[in-house]
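In what follows, a structure is listed as structure tokens, so that the remarks can point back to it.
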Amino acid sequence: MTTGENATLFNVVINGEEQFSIWPAYRAVPEGWKKIGPEDAPKQECLDYIDKTWTDMRPLSLRTQS
374 MTTGENATLF NVVINGEEQF SIWPAYRAVP EGWKKIGPED APKQECLDYI
424 DKTWTDMRPL SLRTQS
């Protein structure tokens with residue numbers, strides 16, 4: 374039986390500034406964030422998704438400035 378952090382499943386979430394994070398699947402997603410990518414997945418799968426997808430770490434408001 375798996376216990377502790379290895380047993381916890383996560384969701385990948387993104388906010389309005391297009392910043393990514395992981396969030397425990399058993400908790401409600403905080404206001405201002407929405408699920409994207411893997412849902413109810415192992416932590417490493419979520420981190421791998423973020424590593425491949427979030428290529429520009431600057432907030433959206435900074436990226437769109439001219």
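Each residue of the sequence shown is one higher than the one before, starting from 374 at the first, in this note's numbering. Note that the Cβ used here is the ideal one computed from N, Cα and C, for glycine as well. Just so we're clear, the structure is a prediction, and the values are computed from it rather than from any experiment.
Those residues which DSSP pairs with Ser394 across a bridge:
Ser394 pairs with Val386.
Does DSSP put Ala414 in a helix, in a strand, or in coil?
In the three-state scheme derived from DSSP, where H, G and I count as helix and E and B as strand, Ala414 is classed as strand.
Classify Pro432: buried if its beta carbon has 16 or more other beta carbons within 10 angstroms, exposed otherwise.
Burial call: exposed.
Return the bridge partner residues of Trp406 from the DSSP annotation.
Its beta-bridge partners are Asn388.
If you drop the 5 nearest sequence neighbours on each side, which residues of the same chain put their C-beta closer than 7 Å to that of Arg436?
Same-chain partners within the cutoff: Asp429.
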